[in-house]
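Residue 893 in our numbering sits at position 28 of the sequence shown, and the numbers go up by one each step. For each residue, glycine too, the CB sits at the ideal point set by N, CA and C. Small disclaimer: the values here were computed from a predicted structure and weren't measured. This report refers to the structure that appears directly beneath it.
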Amino acid sequence: MTIDTSGEWWVGSEPSDIAEYLRGYASEGYEVHDFRLARCKCGSTSFLLDADDDEGVARRTCTICGSEHLICDSEEFWDESEPERWVCIECDSEATNVGVGFSIYPGRGGVRWLYVGVRCSTCGVLGCFAGWKVGTSDSMDLLDKV
Ligand SMILES: [Zn+2]
Ligand SMILES: [Zn+2]
């Protein structure tokens, strides 16, 4: 994997580059300890992404089979949210790879914070589209709900 940092935006050569991007992006005290790349049950890693950073929700929709999935604990607050569709800042594409970086309490004692990262499927531009606090001890199962 290679990240090109020479231009205005970081550009990743493959979906897993989102992990390195989020490690650099994360704030102090909320470091990324773990990462999961979103993969549809059809095998696709390309999605439309709708998220509301205030409510802390995100939904991905597979660009191949149309399956929708509410990321991690998003189902809880989805009804109150006003999601916005992700659009690439560089090429206006709406198709993106999605990955979640997790900041985890010591001793794997739950998720402190999560970051929803993106990599444009068309041009590779990397970004963080949403992030929110989880802060509960029984939340380690969210790593399987990306
Ligand atoms: Zn699919
Ligand atoms: Zn793009």
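Answer yes or no: do T910 and A903 have a C-beta to C-beta separation smaller than 8 Å? yes
Pick from C937, S968, C927 that is closest to Y895, judged by C-alpha positions: S968
Could you tell me if Y880 is buried or exposed, where buried requires 16 or more neighbouring beta carbons within 10 angstroms of its beta carbon? Just to set this straight, residue 880 is Pro in the shown sequence, not Tyr. That one is buried.
Compute every distance between the C-beta of I929 and the non-hydrogen atoms of ligand 1, then say whether any falls below 7 Å. yes
Between which two residues does the alpha helix (DSSP H) holding E885 run? 882-890
According to DSSP, residues forming a beta bridge with W997: L979
Beta-carbon proximity list for S939, same chain, < 6 Å, skipping 5 on both sides: V922, A923
State the start and end residues of the unbroken beta strand (DSSP E) segment that holds H898. Neither: H898 is in no beta strand (DSSP E) and is coded neither H nor E.
Specify, as a first and last residue, the run of the beta strand (DSSP E) that R924 falls within. 922-927
Between K998 and W978, what straight-line distance do the alpha-carbon atoms span, to the nearest angstrom? 4 Å
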